[in-house]
Amino acid sequence: MKKLLWIFCCVLGCLGLVACGQSEPTGENVYQIYVVSNSETKVETHSYAMQATESAAMLDELTACLSTQPDKLEYKVPFAMGFEILSMDLKESKLIINVDGAYMNMPATTEVLVRAAIVRTLTQHPDVKYVGITVEGQELFDQTGEVVGLMSAETFINNDGNEINTYEPTRVKLYFANATGDKLIGAHREKYYSTNVPLERFVVEELIAGPSGKVEGLYPTINREVKIISVMTKDGICYVNLDASFLSVVNNVSTELSIYSIVNSLVELSTVNKVQILINGEVPESFGSAAFERNLDCVTTLESENMNQ
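Residue numbers (the working numbering): -13 to 295.
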């Protein structure tokens, strides 16, 4: 599928934004349309009732919602922020959007919000898993000089319901289990995260989510059902309060190793020296009263693991 977007935007614009601008719809086929706040400091969402039922028409309709500015100028739609769409190409769940050079005139923080709104909206389409943006056919680079590449909904972490503050790129080191569950292996993860959420909480959330699958030989250390009650850092000690499901062992990983998975990952941050883990607001007797420090005795490497196989 390769076409100029403005052809169908003229046809679908009225249909798309009439529903987007009215009261929040409910029921089936309701999509979240992500837009940029007028202050260009966050992304907001608005519910939209999809009218189309066929794949191509659904994509056209979502794109129309991202292209037509509301009459009351309550927010900014991503595809009407000073650049033009040259083409769109959907193949094998990958949607490539080619834009003109004016796209690069946006401030770096605004550009990330625009990307987030586009990706979070369009990946709701059943046939779109990844979105890539190119500028006049060339790779898009982010503010750190890295190639952006394909993005999924998980590329942009949304932790605050209906609003997402400015996204920032971050690179953290997370510790997951080896195949036998008796050692930890460190692996870097790069993502954009919402700045309204402490980086310490982001690290714990990513540990609970488990390995990304991009690196073989890494296994979860924490039950995916674990709920975070709170994460707070004070005087270099990060207090991580989890519910009781943290005590449920996964993949033969001991509770002690699960603890050091969190501790070693958080101590990688410059703001954290020690970690105190609580269960429902209390420190279990088996954990001891002292905060945990980094433990490298339980850490190995993928290279060592492969040599031992």
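Even glycine gets a Cβ: it sits at the ideal position worked out from N, Cα and C. Keep in mind the model is a prediction, meaning the values are calculated, not measured.
Measuring straight from C-alpha to C-alpha, what distance separates T107 and S247? For the purposes of this step, residue 107 is taken as residue 121 along the sequence shown, with counting starting at 1. For the purposes of this step, residue 247 is taken as residue 261 along the sequence shown, with counting starting at 1. Approximately 33 Å, taken between the alpha carbons.
Assess contact between the stretch 226 to 241 and the stretch 191 to 209, defined as three or more Cβ pairs (one per stretch) separated by less than 8 Å. Is contact present? Yes, the stretch 226 to 241 touches the stretch 191 to 209.
Which two residues bound the contiguous beta strand (DSSP E) that contains R175? By one-based count along the sequence shown, residue 175 stands at place 189. Where R175 is concerned, the enclosing beta strand (DSSP E) stretches over L170 to S180.
Determine the contact status of T156 and K169, defining contact as a CB-CB distance below 8 Å. By one-based count along the sequence shown, residue 156 stands at place 170. By one-based count along the sequence shown, residue 169 stands at place 183. Not closer than 8 Å, so no.
Same chain, Cβ closer than 7 Å to Y61, five either side skipped, listed in chain order: Here residue 61 is taken as the residue at index 75 of the sequence shown, counted from 1. Once the five neighbours on either side are set aside, the close Cβ partners of Y61 are V21, V22, S23, N24 and E30.
Looking at L282 and I171, is the spacing between their C-beta atoms short of 8 Å? Residue 171 sits at position 185 when you count from the first residue of the sequence shown. Residue 282 sits at position 296 when you count from the first residue of the sequence shown. Contact: no.
Segment limits, alpha helix (DSSP H) that includes T205: Within the sequence shown, residue 205 is the residue found at index 219, counting from 1. A small correction: the amino acid at residue 205 is Tyr; Thr does not occupy that position in the sequence shown. From DSSP, Y205 is part of no alpha helix (DSSP H); its letter is neither H nor E.
Length of the line joining the Cα atoms of Q37 and N84: Here residue 37 refers to the residue found at position 51 when the sequence shown is read from its first residue. Here residue 84 refers to the residue found at position 98 when the sequence shown is read from its first residue. When rounded, the distance between both Cα atoms is 26 Å.
Let me know if K28 comes out buried or exposed under the rule of 16 or more other beta-carbons within 10 Å of its beta-carbon. Here residue 28 is taken as the residue at index 42 of the sequence shown, counted from 1. By the neighbour-count criterion, in which 16 or more other beta carbons inside 10 Å mark a residue as buried, K28 falls on the buried side.
Given this structure, state the Cα-to-Cα distance separating P93 from E271, to the nearest angstrom. Against the sequence shown, residue 93 aligns to sequence position 107. Against the sequence shown, residue 271 aligns to sequence position 285. Distance between the alpha carbons of P93 and E271 is about 51 Å.
Are T120 and E26 closer than 8 Å when you measure CB to CB? Here residue 120 refers to the residue found at position 134 when the sequence shown is read from its first residue. Here residue 26 refers to the residue found at position 40 when the sequence shown is read from its first residue. For the pair T120 and E26, the CB atoms are not nearer than the 8 Å cut-off.
Which same chain residues end up closer than 6 Å to V236 when comparing Cβ atoms and leaving out the 5 residues on each side of it in sequence? Residue 236 sits at position 250 when you count from the first residue of the sequence shown. Excluding sequence neighbours, V236 sits near P206 and N209.
Between the stretch 239 to 258 and the stretch 184 to 200, can you find at least three pairs of beta-carbon atoms closer than 8 Å? With a cut-off of 8 Å, the stretch 239 to 258 and the stretch 184 to 200 count as touching, because enough Cβ pairs lie within range.
With a Cβ-Cβ cutoff of 8 Å, do L76 and V114 count as a contact? The count along the sequence shown starts at 1 and reaches residue 76 at position 90. The count along the sequence shown starts at 1 and reaches residue 114 at position 128. Cβ atoms of L76 and V114: closer than 8 Å.
Looking at C-alpha atoms only, which residue of M218, G68 and I104 is the closest neighbour of A50? What you label residue 50 is simply residue 64 of the sequence shown in a count that begins at 1. Here the closest residue by C-alpha is I104.
Cutoff 6 Å; reference K159; Cβ partners in own chain excluding five residues on either side: Locating residue 159 in the sequence shown gives position 173, counting from the first residue. Cβ neighbours of K159 beyond the five flanking positions: G172, H174 and E254.
In three-state DSSP terms, what is T286? Reading the sequence shown from its first residue, position 300 is the one you call residue 286. Here T286 sits in strand by DSSP.
Please say whether V189 and L299 have beta carbons closer to each other than 8 Å? No statement about residue 299 is possible, as the shown extent of the chain runs from -13 to 295 and does not include it.
Under three-state DSSP, which class holds M218? The sequence position of residue 218 within the sequence shown is 232, counting from 1. Here M218 sits in strand by DSSP.
For P112, which option in Q129, A139, Y89 and G123 has the closest C-alpha, if you only look at C-alpha atoms? Position 126 of the sequence shown holds residue 112. That would be A139, whose Cα lies nearest to the Cα of P112.
Work out the CA separation of A165 and C224 for me, nearest whole Å. Taking the sequence shown and counting its residues from 1, one reaches residue 224 at position 238. Taking the sequence shown and counting its residues from 1, one reaches residue 165 at position 179. Using only the alpha carbons, I get a separation of about 28 Å.
Measuring alpha carbon to alpha carbon, tell me which of L243, Y116 and T54 ends up nearest G68. Taking the sequence shown and counting its residues from 1, one reaches residue 68 at position 82. The closest CA to that of G68, considering only L243, Y116 and T54, is found on T54.
Presumed contact (8 Å Cβ cut-off) between F278 and V261, rounded CB distance: On the sequence shown, residue 278 is found 292 positions in, with the first residue counted as 1. On the sequence shown, residue 261 is found 275 positions in, with the first residue counted as 1. Yes, F278 and V261 are in contact; Cβ-Cβ is about 5 Å, under 8 Å.
In chain order, what residues of the same chain lie with their CB nearer than 8 Å to the CB of V217, ignoring the 5 residues before and after it? To locate residue 217, count along the sequence shown from 1; it is residue 231. Answer for V217: P184, E186, R187, V190, C224, Y225, V226 and N227, listed in chain order.
Please report how far the alpha carbon of Q124 lies from the alpha carbon of I214, in whole angstroms. On the sequence shown, position 138 is the one that residue 124 refers to. On the sequence shown, position 228 is the one that residue 214 refers to. Each residue's Cα considered, the two are about 41 Å apart.
So V226 is in the alpha helix (DSSP H); what residue range does that whole segment cover? Translated into positions along the sequence shown, residue 226 becomes position 240. No alpha helix (DSSP H) contains V226, which is instead part of the beta strand (DSSP E) from I223 to L228.
Is Y89 helix, strand or coil by DSSP? By one-based count along the sequence shown, residue 89 stands at place 103. Looking at Y89 - three-state DSSP - the assignment turns out to be helix.
Do you know how far the Cα of C284 is from the Cα of Y89? Looking up residue 89 in the sequence shown gives position 103. Looking up residue 284 in the sequence shown gives position 298. If you draw a straight line from the Cα of Y89 to the Cα of C284, it comes to about 47 Å.
Return helix, strand or coil for P155, following the three-state DSSP convention. The residue you call residue 155 lines up with position 169 of the sequence shown. For P155, the three-state secondary structure derived from DSSP is strand.
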